[in-house]
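> Per UniProt numbering, residue 1 is the first one in the sequence shown, and the count goes up by one each step. Please find one structure pasted underneath; my questions will follow.
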Amino acid sequence: MEQHQHPQGLIIAIHHGLVILHSGDEVTCVLPGQFCWIPGKQDHGTHWFGAIEGMCLYLQPELGGAFPDVSVIFTQTALTDAMISRLADAPLLEPGHVLSLLDSLTHEIALLPRGGFHLPMPTESRLQQLTHRLLDRPDLNHNIEEWAQQAGMSLSTLSRRFRQQTGITPGQWRQQARMLHALELLFSGQSVTEVSLAVGYDSLSAFIHGFRKTFGITPSRYFSPSPAPQTEKV
Numbered sequence: 001m002e003q004h005q006h007p008q009g010l011i012i013a014i015h016h017g018l019v020i021l022h023s024g025d026e027v028t029c030v031l032p033g034q035f036c037w038i039p040g041k042q043d044h045g046t047h048w049f050g051a052i053e054g055m056c057l058y059l060q061p062e063l064g065g066a067f068p069d070v071s072v073i074f075t076q077t078a079l080t081d082a083m084i085s086r087l088a089d090a091p092l093l094e095p096g097h098v099l100s101l102l103d104s105l106t107h108e109i110a111l112l113p114r115g116g117f118h119l120p121m122p123t124e125s126r127l128q129q130l131t132h133r134l135l136d137r138p139d140l141n142h143n144i145e146e147w148a149q150q151a152g153m154s155l156s157t158l159s160r161r162f163r164q165q166t167g168i169t170p171g172q173w174r175q176q177a178r179m180l181h182a183l184e185l186l187f188s189g190q191s192v193t194e195v196s197l198a199v200g201y202d203s204l205s206a207f208i209h210g211f212r213k214t215f216g217i218t219p220s221r222y223f224s225p226s227p228a229p230q231t232e233k234v
């Protein structure tokens, strides 16, 4: 979905499947067992992968004022999941009941850890062009010297500006971009071997190591029927 905005705030809770959220200066993913809050009037775009099961809840501006003023991803609990599910029935509820649920939800999420896999985006146009090419072709194995040449910068300038604008090195950024694309492909049903090649790894073992380093679990266990993915924290 192209980036857009609306006056209402939006809660997206995911039980199965994957949502990639483009918002502000970063790309994040909402995994099973997580939910995100997008404040009203904030540009955002979403892409959905796999068999999606979850809930979307729009909140009018006067109802979302107590929520954060930036996009946030939270780890779902049984209580917040039940609250969001109940709020999805808002047209059937008394107004006072809705307000009570929202008040309880805002108090509950204030106690929740903020999660989500984040890919920060640079703000400078030349670096943005470079990162967009890398997102389109995460399998490319260009070294950082080639990146600098493509961006029309010296190696030191590229490294310095990239870290200033994203908080991480170009190499770390590429690793995270590859893992983000790997999630998209895995949730779309591709095998671990297919995904490892598609995101630029020369060996399956290197990909599995990178996945485990990023998510704390191997891809085969992450996508096994049991335990469910939502038990894992990103």
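Just so you know, even glycine gets a beta-carbon here, dropped at the ideal spot from N, CA and C.
#1: Would you mind stating whether F187 and F49 have Cβ atoms separated by less than 7 Å?
#2: Going along the chain, which residues of its own chain have a beta-carbon closer than 7 Å to the beta-carbon of D139, five neighbours each way excluded?
#3: What residue does the alpha helix (DSSP H) around G96 start on, and which one ends it?
#4: Would you mind reading off the limits of the alpha helix (DSSP H) that contains F223?
#5: Which residues does DSSP list as the beta-bridge partners of G9?
#6: Checking the sheet assignment: what are the DSSP bridge partners for F35?
#7: What three-state label does DSSP hand L112 in the structure shown?
#8: Under 7 Å, do L130 and Q150 count as touching if we go by C-beta distance?
#9: To which residues of the same chain is Q3 closer than 7 Å at the C-beta, ignoring the five residues directly before and after it?
#10: List the endpoints of the continuous alpha helix (DSSP H) containing T28.
#11: Using 8 Å as the cut-off, can you tell me whether the segment 106-115 makes contact with the segment 8-17, which would need three or more C-beta pairs spanning the two stretches below that distance?
#12: Classify P219 as helix, strand or coil using the three-state DSSP reduction.
#13: Among all the DSSP beta bridges, which residues are the ones paired with S23?
#14: With E26 and M121 assumed to form a contact (beta carbons below 8 Å), what rounded beta-carbon distance in angstroms separates them?
#15: For T193 and L204, I'd like the C-alpha separation in whole angstroms.
#16: Output the distance between the C-alpha atoms of F211 and V30, rounded to the nearest integer angstrom.
On the basis of the data shown:
#1: yes
#2: A198, V199 and G200
#3: P95 to I109
#4: Looking at the DSSP string, F223 is not in any alpha helix (DSSP H), and its letter there is neither H nor E.
#5: L59
#6: A13 and F74
#7: coil
#8: yes
#9: H22, D43, H44 and G45
#10: Run containing T28: none in the alpha helix (DSSP H); it sits in the beta strand (DSSP E), E26 to V30.
#11: no
#12: helix
#13: E26 and H44
#14: 6 Å
#15: 6 Å
#16: 17 Å
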